[in-house]
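Report on the following structure.
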Amino acid sequence: MKKITQKYISIVLLLLCFIPFLSYGQFNKYDYVSHHLSNNRKIAKLNGKWGYVNKRMKTVIPFEFDEVKTFTGKVAWVRKNNKWGLINKRGKMRTPFIYDRFEDFTDGVALIKRDNKYGYINIKGKEIVIPQYTSAKSFKNGGGKVSIEKKTGIIDRTGKEIIPIAYNRVGDFYEGMVWVENEEVGVMDKSGNMIVPLRYDIISDFSEGFARVTSKGKTGFIDKKGREVIPLKFRFAYSFSDGMAVIKSGDEDGAIDTSGKVIVPTIYEFVDTFSEGLSYVKMNGKYGYVNKQGKLVIPMIYDRAYPFNNGTARVMKGNVTYLIDSAGKELHIIGDEKYKKAK
1 MKKITQKYIS IVLLLLCFIP FLSYGQFNKY DYVSHHLSNN RKIAKLNGKW GYVNKRMKTV
61 IPFEFDEVKT FTGKVAWVRK NNKWGLINKR GKMRTPFIYD RFEDFTDGVA LIKRDNKYGY
121 INIKGKEIVI PQYTSAKSFK NGGGKVSIEK KTGIIDRTGK EIIPIAYNRV GDFYEGMVWV
181 ENEEVGVMDK SGNMIVPLRY DIISDFSEGF ARVTSKGKTG FIDKKGREVI PLKFRFAYSF
241 SDGMAVIKSG DEDGAIDTSG KVIVPTIYEF VDTFSEGLSY VKMNGKYGYV NKQGKLVIPM
301 IYDRAYPFNN GTARVMKGNV TYLIDSAGKE LHIIGDEKYK KAK
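Numbering-wise, the sequence shown is residues 1 to 343 according to the UniProt record's numbering.
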């Protein structure tokens with residue numbers, strides 16, 4: 001009985017030794033196999049043609065394409081004779097090979113180009129917006145930016161114009177608002193209502209309910225009703241972050257709150273945007289941190305500083321990087337790093 005058991009063990013061990021070679025041989029029969037697995041499909045190449053294998057290296061979609069892309073969800077783009085089409089995970093065509101260009105799916109919609117015009121397709125392969133535009137961008141925040149000749153607007157998933165194709169430049173929707181430009185800049189909402197007439201030189205994307213506006217070299221802020229809630233009196237300002245906006249007065253930086261009150265005085269060489277209630281500041285070549293009351297809570301003793309993230313921040317003294325907490329306590333040394341000259 002003991003001899004039989006030993007015999008079986010020997011056979012099993014022998015088989016185990018062969019498995020890696022079998023696996024390697026299976027892998028090696030292909031010209032190329034991607035390491036990336038998506039929807040249990042890997043891109044592979046055999047005899048100059050492309051297809052897909054599963055994680056066991058079994059062919060699941062035949063090698064008949066000139067080029068293929070990774071599966072996004074349950075579909076992938078494949079090319080034959082210089083034209084692109086869409087397949088499902090079983091290799092069944094969802095569209096014919098008629099497209100010259102495509103973009104990845106975003107919000108379930110992909111940009112396509114056919115007959116030198118741009119449109120949009122859904123994940124089922126249906127052209128939800130027939131190609132008709134001279135240029136277009138992928139959908140972002142609920143809208144697709146499209147152009148006819150030199151004018152641009154934004155459409156929804158049905159092809160309806162949210163923002164008329166009547167502007168030289170158009171931004172992207174942020175917080176339901178978008179800037180539009182024809183020499184001067186204004187703001188429209190997602191219903192296509194003009195909230196701010198075309199009267200500013202620059203309007204930023206909305207952030208925390210405010211947009212930065214500039215006219216005649218001075219900068220301030222408007223709200224979503226188009227009201228100038230913070231007067232245009234600063235040389236420059238950055239968008240609101242964590243309830244604070246960095247401003248410039250002359251060559252110095254400071255920061256204001258949402259009422260426009262100067263909280264961090266404009267005495268610093270540099271003030272970073274606020275994160276987790278703190279901002280790093282620079283004076284006389286050294287860095288420290290101020291809080292949202294404008295108080296210096298971490299002294300100016302560092303040669304470089306970085307924003308807080310999850311309660312800690314990196315700082316540098318010479319070539320040594322430390323991790324500090326929000327009280328300024330040096331938790332530990334991260335290690336030597338090549339010294340980067342401070343801003």
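Idealized CB from N, CA, C, for every residue including glycine.
Every value quoted in this text rests on a predicted model; they were computed, and no experiment measured them.
Beta bridge counterpart(s) of residue i as assigned by DSSP
{"i": "residue 72", "result": "75"}
{"i": "residue 67", "result": "79"}
{"i": "residue 161", "result": "155"}
{"i": "residue 207", "result": "210"}
For residue j and residue i, the rounded distance between their alpha carbons
{"i": "residue 346", "j": "residue 51", "result": "Since the displayed the chain opens at 1 and closes at 343, residue 346 lies outside it and no answer follows."}
{"i": "residue 182", "j": "residue 129", "result": "26 Å"}
{"i": "residue 324", "j": "residue 311", "result": "9 Å"}
{"i": "residue 287", "j": "residue 192", "result": "45 Å"}
{"i": "residue 291", "j": "residue 276", "result": "9 Å"}
{"i": "residue 159", "j": "residue 235", "result": "41 Å"}
{"i": "residue 141", "j": "residue 301", "result": "42 Å"}
{"i": "residue 266", "j": "residue 252", "result": "5 Å"}
{"i": "residue 243", "j": "residue 227", "result": "18 Å"}
{"i": "residue 199", "j": "residue 187", "result": "10 Å"}
{"i": "residue 41", "j": "residue 279", "result": "46 Å"}
{"i": "residue 218", "j": "residue 39", "result": "53 Å"}
{"i": "residue 115", "j": "residue 178", "result": "30 Å"}
{"i": "residue 299", "j": "residue 327", "result": "10 Å"}
{"i": "residue 229", "j": "residue 194", "result": "18 Å"}
{"i": "residue 334", "j": "residue 295", "result": "27 Å"}
{"i": "residue 315", "j": "residue 309", "result": "12 Å"}
{"i": "residue 313", "j": "residue 254", "result": "21 Å"}
{"i": "residue 111", "j": "residue 83", "result": "15 Å"}
{"i": "residue 103", "j": "residue 117", "result": "14 Å"}
{"i": "residue 133", "j": "residue 320", "result": "54 Å"}
{"i": "residue 306", "j": "residue 202", "result": "29 Å"}
{"i": "residue 76", "j": "residue 282", "result": "50 Å"}
{"i": "residue 331", "j": "residue 322", "result": "7 Å"}
Three-way DSSP call (helix, strand, coil) for residue i in this model
{"i": "residue 23", "result": "Summary for residue 23: the model assigns pLDDT 44, below 50, so the residue's position carries little reliability; its value from the coordinates is reported in the next sentence. If DSSP states are grouped into helix, strand and coil, residue 23 belongs with the helices."}
{"i": "residue 58", "result": "coil"}
{"i": "residue 268", "result": "strand"}
{"i": "residue 325", "result": "strand"}
{"i": "residue 149", "result": "coil"}
{"i": "residue 227", "result": "coil"}
{"i": "residue 190", "result": "coil"}
{"i": "residue 167", "result": "strand"}
{"i": "residue 140", "result": "strand"}
{"i": "residue 253", "result": "strand"}
{"i": "residue 332", "result": "strand"}
{"i": "residue 258", "result": "coil"}
{"i": "residue 284", "result": "coil"}
{"i": "residue 279", "result": "strand"}
{"i": "residue 12", "result": "Residue confidence is low: residue 12 scores 48 on pLDDT, short of 50, so the model does not pin down where it sits. Its coordinate-derived value is still stated next. Residue state, collapsed to three classes: helix."}
{"i": "residue 37", "result": "coil"}
{"i": "residue 199", "result": "strand"}
{"i": "residue 232", "result": "strand"}
{"i": "residue 248", "result": "strand"}
{"i": "residue 238", "result": "coil"}
{"i": "residue 273", "result": "coil"}
{"i": "residue 104", "result": "coil"}
{"i": "residue 243", "result": "coil"}
{"i": "residue 30", "result": "coil"}
When the options are compared against residue i, the one with the closest alpha-carbon
{"i": "residue 240", "options": "272, 90 and 295", "result": "272"}
{"i": "residue 36", "options": "194, 205, 70 and 284", "result": "70"}
{"i": "residue 119", "options": "329, 137, 47 and 108", "result": "137"}
{"i": "residue 224", "options": "232, 216, 233 and 212", "result": "212"}
{"i": "residue 259", "options": "282, 220 and 171", "result": "220"}
{"i": "residue 395", "options": "184, 175, 46 and 254", "result": "There is no way to answer for residue 395, as the model of the chain reaches only from 1 to 343."}
{"i": "residue 147", "options": "156, 157 and 135", "result": "135"}
{"i": "residue 318", "options": "285, 98 and 123", "result": "285"}
{"i": "residue 48", "options": "283, 304 and 33", "result": "33"}
{"i": "residue 189", "options": "153, 201 and 61", "result": "153"}
{"i": "residue 97", "options": "268, 283, 108 and 113", "result": "113"}
{"i": "residue 63", "options": "125, 293, 86 and 30", "result": "30"}
{"i": "residue 105", "options": "205, 139 and 330", "result": "139"}
{"i": "residue 172", "options": "165, 150, 144 and 157", "result": "144"}
First and last residue of the uninterrupted beta strand (DSSP E) at residue i
{"i": "residue 131", "result": "127 to 133"}
{"i": "residue 113", "result": "109 to 114"}
{"i": "residue 181", "result": "177 to 182"}
{"i": "residue 122", "result": "117 to 122"}
{"i": "residue 51", "result": "49 to 53"}
{"i": "residue 95", "result": "Premise fails: residue 95 is in no beta strand (DSSP E) and is neither H nor E."}
{"i": "residue 312", "result": "312 to 317"}
{"i": "residue 220", "result": "218 to 222"}
{"i": "residue 344", "result": "Since the first residue of the chain shown is 1 and the last is 343, residue 344 is not available in this structure."}
{"i": "residue 45", "result": "42 to 46"}
{"i": "residue 302", "result": "296 to 302"}
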